[in-house]
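**Student:** What follows is a structure written as structure tokens; I'll ask about it next.
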Amino acid sequence: MNEPIVLPPLDAPFVAWLETQPSMEHNLREDLQIIRQCLRGRSYTEFISGRDAAQRVSSMANWAGFVETASFYYEVYEGFCLRLITL
26 MNEPIVLPPL DAPFVAWLET QPSMEHNLRE DLQIIRQCLR GRSYTEFISG
76 RDAAQRVSSM ANWAGFVETA SFYYEVYEGF CLRLITL
């Protein structure tokens, strides 16, 4: 039950694009870490942090044209929203 949360790897073309955008890559890596930490969260604050991070990742991927990555992280965002509703 305390196993680490593993998110699926980012799409290779998205990673290649990120490597050309160092500040965006840094921010995205931080957001992915926040999402991992918050997926097991139980508090309202953790769900809000995870929701916001997932929305940022989804928005960045969508803006850059990586629709599958954007869709996946939008689903993660929706999951956090549902958890907030059920608290």
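Numbering (this note's numbering) for the sequence shown: 26 to 112.
Every residue gets a Cβ at the ideal spot worked out from N, C-alpha and C, and that includes glycine.
Small disclaimer: the values here were computed from a predicted structure and weren't measured.
Looking only at its chain, what residues have a beta carbon closer than 7 Å to the beta carbon of C106, apart from the 5 residues adjacent to it on each side?
**Tutor:** Once the five neighbours on either side are set aside, the close Cβ partners of C106 are R76.
**Student:** Taking C-beta to C-beta, are D36 and F91 nearer than 8 Å?
**Tutor:** yes
**Student:** What alpha helix (DSSP H) runs, 4 residues minimum, are completely inside the region 38-91?
**Tutor:** 47-64 and 69-88
**Student:** For L35, which three-state DSSP category applies?
**Tutor:** coil
**Student:** Is S74 closer than 8 Å to I59 when the C-beta atoms are compared?
**Tutor:** yes
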